[in-house]
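Numbering (our numbering), first residue to last: 383 to 1262.
Where is the CB? At the ideal position from N, CA and C, for every residue including glycine.
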Amino acid sequence: MRLLQLQSNGDLSLVEVFKPHPPYAVLSHTWGADHEEVNFQDLLRGEGMEKPGYQKLIFCGKQAARHGLEYYWVDTCCIDKSSSAELTESLNSMFRWYQEAARCFVFMSDVIAGPATCDGSSQWQLEFRKSRWFTRGWTLQELLAPKLVQFFSRDGDTIGDKLSMQEVIHEITGIAYAALQGVSLSQFSIEERMAWATDRTTKREEDAAYSLLGLFGVHMPMIYGEGRQSAFNRLRKEISELYSPSARNLEELKQRETREKVLDWLEPGDPTSNYEQALKQRQENTGLWFLHSEQYKNWKEAPGSFLWLHGIPGSGKTILSSTIIHDLLQHGCEGSRTVVLYFYFDFNDGQKQGVSAMLSSLVAQLLQQSQKMSSELIDLFTNCMRRRTHPSTETLLELFQQSTKGFLQAYLIVDALDECSQRVELMQALTTISLWRSQNIHIIVTSRLERDIEMSMMKFLDEHARVVLDSAVVDEDIRRYVRQRLSDDQSLKKWREDHGLRREIENTLIQGSQGMFRWAVCQLDTLGKCRSRAKLRVSLATLPPTLEKTYDRILCNIDEEDSLYSIRILRWLSFANRPLTVDEIAEAVAVDPEREPALVEEEIIEDPMEALEICSSLVAMVTDPGDGLPESRQQYVMLAHYTVKEYLLTDRIRPGTAARYTMEYVQSQRILAKTCLLYLLQILQSASSLDGSMTQRKLLRYCAEHWMHHAREANDWQSDLASLALRLLMPEATYKKWLKIRNDHDTIPYLEELPHPLFYAARSGIAELVELLLEADADVTATSIAYTDALQEAAEHGHRRVVEQLIARGADVNTLCVPWGSPLQAACVGGHEEIAKLLLDSGADVNASGGMYDNALEISISTGSNALVKLLLQHGADAS
């Protein structure tokens, strides 16, 4: 791939780059006559500056530079069109090149000026709607592929961007809003995508087909001269072969599209990063005691088998789970009708702590590995998706059961049941699965030995189905781990030649670990810092006897100058609503909620990786590969183990030497809420351009999306927190900026009809904030076409206290809004029986009709909620 570079003296140069590409911009435009555009040969010869097209190249270079981009790509001159091989490769790659671009600048040569220079005139709007750019074939992919598309007039005036102008673009092109918002094009039928290209023209007739390759993800050679019909025939053949390589029929294609839609509807969490991270920590030949055991062999072969592996905290259960999964994937499950499924409950990730998260992920894995979906399964999915809400546990269990029937054997590994936030529901779900007595489902679960889990397990498991991870089986694995660390760890290799000392370290750690991997890991981390034999022997002689004492020592050894940073890091990692990237943590430590301005630039950690060093063995870095592309790769900082969070929250830390690191839940949530609000106010009140802030401010998106979560959990609205929330929400300027960041992927369709902050407060369930806004004269009866009303938001999301507040202030319990209809219908969509009863007792019409369903009874029947059906019938619901 070649990219352009605008030199400081104004000259242009071509640079050949290879993956991973540097960030770059792209230009989208309509071509003039061939002799007017600068081509590849012109640049090689240093010519073409007199051509009209040269100014477009300079324009794109300057725009790229304004956004910190050194390189950019333009189709007229970055491809050597004299080479048919290069031309074919480039045209097949073009959609991806636009897709991977940091920004796309659309130069509209027939739009004279933008809104800023038209003195209120609508002339630019007419020109924009009539622009030739919307009629050309190649510009269709240039509109859809990039994430960020900005439009400019021929004088370089900014017109707008794809998201802010999606309504008018939809009117002009007929392209679905979701496609303009970046939803995967695979979610749209072939017919719909073909329709977007109707009436578009190209200079060469074959390009009408070639320009659509990227929209369907197909590749084919360019044969100019074959004619339009021949090119389209080849395109349709390629589409058919891609979407149904075996059957080559429409049914296969429909199945693929249905599968993609269902995966989007499920919103499954991806457990791959957990698996890969744990597997990376595994030392060679550990876990063999289990893989070579008769219990494991019998489990793989016996119909409907179930094993429960349990052990003390830090005994290596998660690493053993990954060892089992790896073995099954590599050796135990050959054949297309055998599937390996897995899920890790993860205290570090709020999206991996619920029963629905587990079941959604398992159903998605089954769906991704199934060759064909049965008509019964397709019907079940279709009926479920009609509700347009996240599926209930009952629905997901039914989907899971039906999906497993397509496989001869299904092996399921679920790790860390004790880290699930819905233990009762989880044990009910596992009990339900066991009662199916499905011969083809084999299950292994791991957890600590905790009373509620044990009581539930013993209802359907006998003693032979229990595997205890105690010292007798784990010590040999710990010994292998210690030996491997002493041999390979850079900080410990200095003792490699002293066999006697190595034996002493090994024996001391085995004796002290008592079957706890985590304890041995921390001691090795500490021993690695010893620079002399004397220091090493002192450390060996004074090893902390327990994991909590170990954490005490680690915290007390943090340098005084780093202690404030470490407290902030540990608080963020303990209570963040999602995993935080290394860059986010590096900026988060520079925000102090006890001062204004809260963020001090000088305090940002210059090298983000040093955040890991400050907290030593208490934190770890996890790499998420994303979709495999270098730019989607993310590095997250997390607490190294569940026991770290437990330790920080325990009362036993208070009287000790590490008391300053005590974390109290409500207080910590309040600190994070205040931190987010102060940070947002500082950035939003000072930023003239959100684009610049977004690229520089690593923590901005997190604060915008999650401050309400922390505020709700704080449950302690003192005056300063209330004041800060109102400072963000009540001035329209900061409120709009906050909405723009928060709704970046869910664009606000009607800027003139912004929802009142009351909608968001009600949706989040922050009763204290709702009260403040009501006291500030918020209109409790106001509705918004796009955002329903506050009562419906609170009812749908299950916030009883807020529902009571709104009703007491005069909210109409029978107002009809989209998409559900009445507040009663919204409560039934969410499955909230108590709120439904409250609404009925407050005068809600049980038979109110509107929205996606006819009435509340239909919703409750559709979602399978027997309790709600009974309640509605008791209140006179019409069952006819």
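Q. What separation, rounded to the nearest whole angstrom, lies between the Cα atoms of Gln532 and Ile987?
A. If you take the alpha carbons of Gln532 and Ile987, they lie about 33 Å apart.
Q: Output the distance between the C-alpha atoms of Leu661 and Gly698, rounded to the nearest integer angstrom.
A: A straight-line Cα-Cα distance of about 11 Å links Leu661 and Gly698.
Q: For Leu1198, collect the residues of the same chain with a Cβ closer than 8 Å to its Cβ; drop the 5 residues on either side in sequence, then sort them by chain order.
A: Only Ser1204, Ala1230, Gly1232 and Gly1233 meet the Cβ criterion.
Q. With a Cβ-Cβ cutoff of 8 Å, do Leu522 and Ser568 count as a contact?
A. No, the pair does not count as a contact, with Cβ atoms beyond the cut-off.
Q: Alpha carbon to alpha carbon, how far is Ala980 from Ile967? Give it in angstroms, no decimals.
A: Using only the alpha carbons, I get a separation of about 15 Å.
Q | Residues that Cys1199 bridges to, as DSSP identifies them | A | In the DSSP secondary-structure assignment, Cys1199 is bridged to Gly1203.
**Q.** Proximity winner among Gln733, Met1020 and Gly1212, relative to Leu1250 (alpha-carbon distances)
**A.** Ranking the options by Cα distance to Leu1250, first place goes to Gly1212.
Q: Confirm, please, whether the CB-CB distance from Thr640 to Arg518 is below 8 Å.
A: Result no, Cβ atoms of Arg518 and Thr640 do not sit closer than 8 Å.
**Q.** Sequence-distant residues of its chain with Cβ nearer than 7 Å to His1179 (five each side left out)
**A.** Within the same chain, His1179 has close Cβ partners Arg1145, Gly1147 and Gly1212.
Q) Exposed or buried, what is Leu1133 when buried is set at 16 or more other beta-carbons lying within 10 Å of its beta-carbon? A) With a pLDDT of 45 at Leu1133, under the threshold of 50, the modelled position of that residue is not reliable, and the figure given next carries that caveat. By the 10 Å Cβ count, Leu1133 comes out exposed.
(Q) Using C-beta distances below 6 Å, list every residue in its chain close to Asp1227, excluding the 5 sequence neighbours before and after it, in chain order. (A) Within the same chain, Asp1227 has close Cβ partners Asn1196.
Q) Going straight from the alpha carbon of Leu729 to that of Leu962, what length do you get? A) Per the sequence shown, residue 729 should be read as Phe rather than Leu. Phe729 and Leu962 have their alpha carbons spaced roughly 13 Å apart.
Q.
Let me confirm a value: Gly502 is counted as buried when at least 16 other C-beta atoms fall within 10 Å, else exposed. Which label applies?
A. The predicted position of Gly502 is uncertain, since its pLDDT is 48 and thus under 50; a value taken from the coordinates is nonetheless stated next. Its Cβ having fewer than 16 others within 10 Å, Gly502 is exposed.
Q) In terms of alpha-carbon separation, which member of Arg427, Trp479, Ile996 and Asp462 lies closest to Leu946? A) The candidate whose alpha carbon is nearest that of Leu946 is Ile996.
Q | Identity of the residues DSSP links to Tyr1142 by a beta bridge | A | BP columns for Tyr1142 are empty, so no partner.
**Q.** Collapsed DSSP secondary structure at Trp455 in the structure displayed
**A.** Residue state, collapsed to three classes: strand.
Q: Just mark Cys904 as buried or exposed, buried being the case when its beta carbon has 16 or more other beta carbons within 10 Å.
A: Per the 10 Å Cβ criterion, buried.
**Q.** Contact set for Glu509: own chain, Cβ-Cβ below 7 Å, skip 5 residues either direction
**A.** Excluding sequence neighbours, Glu509 sits near Asp492, Val493 and Ile494.
Q. From this set, Phe842, Thr814, Met840 and His846, which residue's C-alpha is nearest Tyr678's C-alpha?
A. Nearest in C-alpha terms to Tyr678, of all of Phe842, Thr814, Met840 and His846, is His846.
Q | Secondary structure of His881, DSSP reduced to three states | A | Of the three classes helix, strand and coil, the one that applies to His881 here is helix, per DSSP.
Q.
Can you tell me whether Ala1259 is helix, strand or coil according to DSSP?
A. Three-state result, Ala1259: coil.
Q. What residue does the beta strand (DSSP E) around Val364 start on, and which one ends it?
A. Nothing can be reported for residue 364: it is not among the residues displayed for the chain, which extend from 383 to 1262.
Q) Leu1031: which of Leu955, Leu385, Gln747 and Glu1175 sits nearest, CA to CA? A) Ranking Leu955, Leu385, Gln747 and Glu1175 by Cα distance to Leu1031 puts Leu955 first.
Q | Buried or exposed (CB count within 10 angstroms, at least 16 for buried), Gln445 | A | That one is buried.
Q: Taking only beta-carbon positions, decide if Glu452 is within less than 8 Å of chain B.
A: Absence of chain B from the displayed structure is noted, only one protein chain being present.
Q. Is the CB-CB distance between Tyr436 and Gly443 below 8 Å?
A. No. Outside cutoff.
**Q.** Same chain, Cβ closer than 6 Å to Asp1260, five either side skipped, listed in chain order
**A.** Counting only Cβ-Cβ distances below 6 Å, and skipping sequence neighbours, we find Asn1229.
Q: Under 8 Å Cβ to Cβ from Leu790, same chain only, skipping five residues before and after it: list those, please.
A: Gly717, Arg719, Thr720 and Asn822.
Q.
Quick check on the burial criterion: 16 or more other C-beta atoms within 10 angstroms. Buried or exposed for Pro650?
A. By the neighbour-count rule (16 or more Cβ atoms within 10 Å), Pro650 is buried.
Q. Quick one: any contact between the segment 883-901 and the segment 860-869, if contact means 3 or more CB pairs under 8 Å?
A. Note that the segment 883-901 touches the segment 860-869; at least 3 beta-carbon pairs, one per stretch, sit closer than 8 Å.
Q. How should Ser571 be labelled, buried or exposed, when 16 other C-beta atoms within 10 angstroms of its C-beta is the threshold for buried?
A. So Ser571 counts as exposed.
Q. Is it the case that the Cβ atoms of Ser742 and Leu648 are separated by a distance below 8 Å?
A. With respect to the 8 Å criterion, Ser742 and Leu648 are classified as neighbours on the basis of their beta carbons.
**Q.** Any alpha helix (DSSP H) of 4 or more consecutive residues that is wholly inside the segment 604-678
**A.** Counting whole runs of 4 or more residues, the segment 604-678 contains the alpha helix (DSSP H) stretches 610-625, 632-648, 654-663 and 670-673.
Q: Go through the segment 537-590 residue by residue and report every complete run of the beta strand (DSSP E) that reaches 3 residues or more, in order.
A: DSSP assignment within the segment 537-590 yields the following whole beta strand (DSSP E) runs of 3 residues or more, N-terminal first: 540-543.
**Q.** Nearest to Asn1097 (by Cα), restricted to the options Asn1125, Gln1064 and Arg1052
**A.** Checked all of Asn1125, Gln1064 and Arg1052; the closest Cα to Asn1097 is Arg1052.
Q: Give the C-beta separation of Ala1086 and Leu1062 to the nearest angstrom, bearing in mind that I take them to be a contact with Cβ-Cβ under 8 Å.
A: Sure, about 6 Å apart at Cβ, within 8 Å.
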